[in-house]
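S.K.: Note that the working numbering has the sequence shown beginning at 34, numbered continuously upward. We put the CB at the ideal spot given by N, CA and C, even for glycine. For reference, the structure I am asking about is given below.
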Amino acid sequence: QVQVVESGGGLVQPGGSLRLSCAASGSIFSINAMGWYRQAPGKERELVAAITSGGGITNYVDSVKGRFTISRDNAKKTVYLQMNNLKPEDTAVYYCNTRTGPVYLYSWGQGTQVTVSS
Numbered sequence: 034q035v036q037v038v039e040s041g042g043g044l045v046q047p048g049g050s051l052r053l054s055c056a057a058s059g060s061i062f063s064i065n066a067m068g069w070y071r072q073a074p075g076k077e078r079e080l081v082a083a084i085t086s087g088g089g090i091t092n093y094v095d096s097v098k099g100r101f102t103i104s105r106d107n108a109k110k111t112v113y114l115q116m117n118n119l120k121p122e123d124t125a126v127y128y129c130n131t132r133t134g135p136v137y138l139y140s141w142g143q144g145t146q147v148t149v150s151s
């Protein structure tokens, strides 16, 4: 499987911002949608944002609408997640991936930890 590497997480105060990056390997990046997922302690992994292969259509889970923006640069094989007005409930490990039906196309990366706390 091809791989992804997430980066950009950290500790931020409520109301702060972070920009996550996900760099992908292989040749399938530009022809597939991509998504950002997160997993908080004791909770299941959830999809929070997705973007089509060309970047023209994006979707967000209700809890992040208006605060998070997903984007991509196919030439760099990178997808981004701009997170503004962060809240403590956004604390989680963030991952990127995409799937066809039940099959995820990338091996899961290490993720990047986002902690929102005062």
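Within 10 angstroms of its Cβ, does residue 130 collect 16 or more other Cβ (buried), or is it exposed?
M.R.: That one is buried.
S.K.: Here's a check: name, in chain order, each residue in its chain whose Cβ is nearer than 8 Å to the Cβ of residue 43, leaving out the five neighbours to either side.
M.R.: Same-chain partners within the cutoff: 51, 146, 147 and 148.
S.K.: Let me know if residue 35 comes out buried or exposed under the rule of 16 or more other beta-carbons within 10 Å of its beta-carbon.
M.R.: Label assigned to residue 35: exposed.
S.K.: Pair every Cβ in the stretch 113-127 with every Cβ in the stretch 66-78, then say whether three or more of these pairs are closer than 8 Å.
M.R.: The answer is yes - the stretch 66-78 touches the stretch 113-127, with three or more Cβ pairs under 8 Å.
S.K.: Output yes or no for whether 8 Å exceeds the beta carbon distance between residue 37 and residue 134.
M.R.: No, the Cβ-Cβ distance between residue 37 and residue 134 is not below 8 Å.
S.K.: Under the assumption that residue 66 contacts residue 86 (Cβ atoms under 8 Å), give the Cβ distance between them as a whole number of angstroms.
M.R.: Yes, residue 66 and residue 86 are in contact; Cβ-Cβ is about 6 Å, under 8 Å.
S.K.: Would you mind sorting residue 105 into buried or exposed? The rule is 16 or more other CB atoms within 10 Å of its CB.
M.R.: Classification for residue 105: buried.
S.K.: I need the straight-line Cα distance from residue 151 to residue 117, nearest angstrom please.
M.R.: Roughly 16 Å separates the two Cα atoms.
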